[in-house]
Amino acid sequence: MSSRSDSNRSSSLIRSAGSASLRPRELTAGRDAHPAGARATISIFDARTPTLPPATHTNSYALGARDVVLVEPATPYEDEQRAWIEWARALPSQGRTPVAIVATHHHIDHVGGIDVLARELALPIWAHAETASQLPDVTVARRLADGDTIDLDGPIPERWTVLHTPGHAWGHVCLWNADSRTVVVGDMVASVGTILIALGDGDMRIYLEQLERLALLDASVALPAHGDPIEEPTKLFRHYVAHRLAREAKIASAVVAKGANGVTDVELVTIAYDDVPPHVWPIALLSVQAHLAKLAADGRVALRDGRYASAS
Ligand SMILES: [Zn+2]
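What follows is the structure, encoded as structure tokens:
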């Protein structure tokens with residue numbers, strides 16, 4: 436991502452040191468021409484996690500200039516947890532006080548350290564009720580619902596609004612700071628790797644709806660769990676939607692082409708993902724199944740004896 440400044444843009448993203456190998460990294464996200472108070476104070480700490488390749492790390496974010504929430508207690512690895520705790524414990528030396536840990540959703544590469552990190556730092560855990568229900572052994576002190584606000588007091592107070600954005604996971608939440616037009620997006624999009632929509636946890640139709648909703652925010656910066664901050668995220672949200680719909684169209688036309696005998700989901704992977712190497716197909720199968728569920732819900736395909744055929 437470019438760090439050049441562009442006077443046509445209404446936002447800026449400044450990183451200290453300029454090296455992805457240094458952690459933590461500091462961000463100032465906000466409008467150049469906006470009065471004081473329109474900026475958000477954000478630090479990033481990327482920890483190694485068992486995530487979906489090619490991603491290898493999950494970003495945690497410290498949001499707030501004095502009261503701070505720590506987003507994504509991600510890493511299950513002891514050495515990384517120690518480094519994460521050190522990072523959190525160093526925040527008070529900058530006048531910043533962690534008040535809670537927020538999990539965007541329940542996937543292991545987001546909550547792998549939730550017990551240890553909350554206990555070591557004596558912080559409450561905040562998450563959506565659907566996430567809490569997936570983590571029966573974890574005490575969720577505050578259940579975050581759509582529209583809830585997280586008010587972080589400080590020299591520059593920050594209000595982060597909870598957006599419940601299911602589709603990748605039922606309890607997925609994003610955090611939106613309207614003043615700085617910054618959105619923490621969890622696993623809704625990524626700048627490294629792809630977002631998996633798998634049946635059970637996910638729903639393709641709802642996921643696409645929520646991406647459209649994120650596009651309507653007109654955010655300046657999106658902070659993903661995997662990869663660098665995303666400038667001009669609206670373009671990326673729309674690109675994701677277009678890309679998924681193009682894949683869906685390919686699946687739908689393959690189903691039509693196979694006629695009344697229909698086609699299995701495994702066969703459809705080889706047709707709809709003929710542009711990706713076969714080692715990706717097992718993961719692609721999950722996406723095909725999610726698309727087929729959406730096409731079935733839309734009344735476009737029907738499932739009979741394990742084979743999908745055109746519903747019309
Ligand atoms: Zn996830």
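Using this note's numbering, the first residue of the sequence shown is number 436, and each one after it goes up by one.
Ideal placement from N, C-alpha and C gives every residue a C-beta, glycine not left out.
Bear in mind the structure is a predicted one, so any value in this text is a computation, not a measurement.
On the DSSP bridge assignment, give the partners of V597 in chain order.
Position 162 of the sequence shown holds residue 597. DSSP, once it has assigned bridges, lists L610 as partnering V597.
Do A523 and L505 come within 8 Å of each other at the CB atom, strictly closer than that value?
Numbered from its first residue, the sequence shown carries residue 505 at position 70. Numbered from its first residue, the sequence shown carries residue 523 at position 88. Taking 8 Å as the Cβ cut-off, L505 and A523 qualify as a contacting pair.
According to DSSP, is E461 part of a helix, a strand, or is it coil?
Here residue 461 is taken as the residue at index 26 of the sequence shown, counted from 1. Reduced to three states, the DSSP call for E461 is strand.
Contact under 8 Å by Cβ, V704 with A744:
Here residue 704 refers to the residue found at position 269 when the sequence shown is read from its first residue. Here residue 744 refers to the residue found at position 309 when the sequence shown is read from its first residue. Result no, Cβ atoms of V704 and A744 do not sit closer than 8 Å.
Kindly list the residues whose CB is nearer than 7 Å to the CB of L646, restricted to its own chain and excluding five residues on each side of it in sequence; keep chain order.
The residue given as residue 646 occupies position 211 in the sequence shown. Cβ neighbours of L646 beyond the five flanking positions: M623, F672, Y675, V676.
Roughly how many angstroms separate the alpha carbons of N696 and A725, rounded to a whole number?
Within the sequence shown, the letter at position 261 stands for residue 696. Within the sequence shown, the letter at position 290 stands for residue 725. If you take the alpha carbons of N696 and A725, they lie about 21 Å apart.
Euclidean distance between Cα positions of L730 and I543:
Position 295 of the sequence shown, counting from 1, holds the residue named residue 730. Position 108 of the sequence shown, counting from 1, holds the residue named residue 543. Whole-angstrom Cα-Cα distance: 29 Å.
Give me every residue whose Cβ sits closer than 5 Å to any heavy atom of ligand 1, in chain order.
H542, D622
Could you tell me whether the Cβ atoms of P659 and V620 are closer together than 8 Å?
Taking the sequence shown and counting its residues from 1, one reaches residue 659 at position 224. Taking the sequence shown and counting its residues from 1, one reaches residue 620 at position 185. Yes; because the gap between Cβ atoms is below 8 Å, this pair is in contact.
To the nearest whole angstrom, what separates the beta carbons of G602 and I632, a pair I think is in contact under 8 Å?
Within the sequence shown, numbered from 1, the residue matching residue 602 stands at position 167. Within the sequence shown, numbered from 1, the residue matching residue 632 stands at position 197. About 7 Å separates the two Cβ atoms, so the contact holds.
Taking C-beta to C-beta, are G547 and T484 nearer than 8 Å?
Taking the sequence shown and counting its residues from 1, one reaches residue 547 at position 112. Taking the sequence shown and counting its residues from 1, one reaches residue 484 at position 49. In contact: G547 and T484 (Cβ atoms closer than 8 Å).
Which of the three DSSP states is assigned to L556 in this structure?
For the purposes of this step, residue 556 is taken as the residue at position 121 of the sequence shown. L556 falls in the helix class under three-state DSSP.
Span of the beta strand (DSSP E) holding T584?
Translated into the one-based positions of the sequence shown, residue 584 becomes position 149. Its beta strand (DSSP E) spans residues 584-587.
List the endpoints of the continuous beta strand (DSSP E) containing H492.
Against the sequence shown, residue 492 aligns to sequence position 57. 492-498 is the extent of the beta strand (DSSP E) around H492.
Quick one: what's D481 bridged to in DSSP?
In the sequence shown, residue 481 corresponds to position 46, counting from 1. Its beta-bridge partners are N494.
For T669, which residues from the same chain have a beta carbon less than 7 Å from its beta carbon, with the 5 sequence-adjacent residues on both sides left out?
Translated into the one-based positions of the sequence shown, residue 669 becomes position 234. Within the same chain, T669 has close Cβ partners A650, D653, A654.
Are L610 and D502 close, meaning C-beta to C-beta below 8 Å?
On the sequence shown, position 175 is the one that residue 610 refers to. On the sequence shown, position 67 is the one that residue 502 refers to. Against a cut-off of 8 Å, the Cβ pair of D502 and L610 comes out as no contact.
Can you name the start and end residues of the beta strand (DSSP E) that S745 belongs to?
As a working note, residue 745 is residue 310 in the sequence shown. It spans 742-745 - the beta strand (DSSP E) in which S745 sits, taken as one unbroken run.
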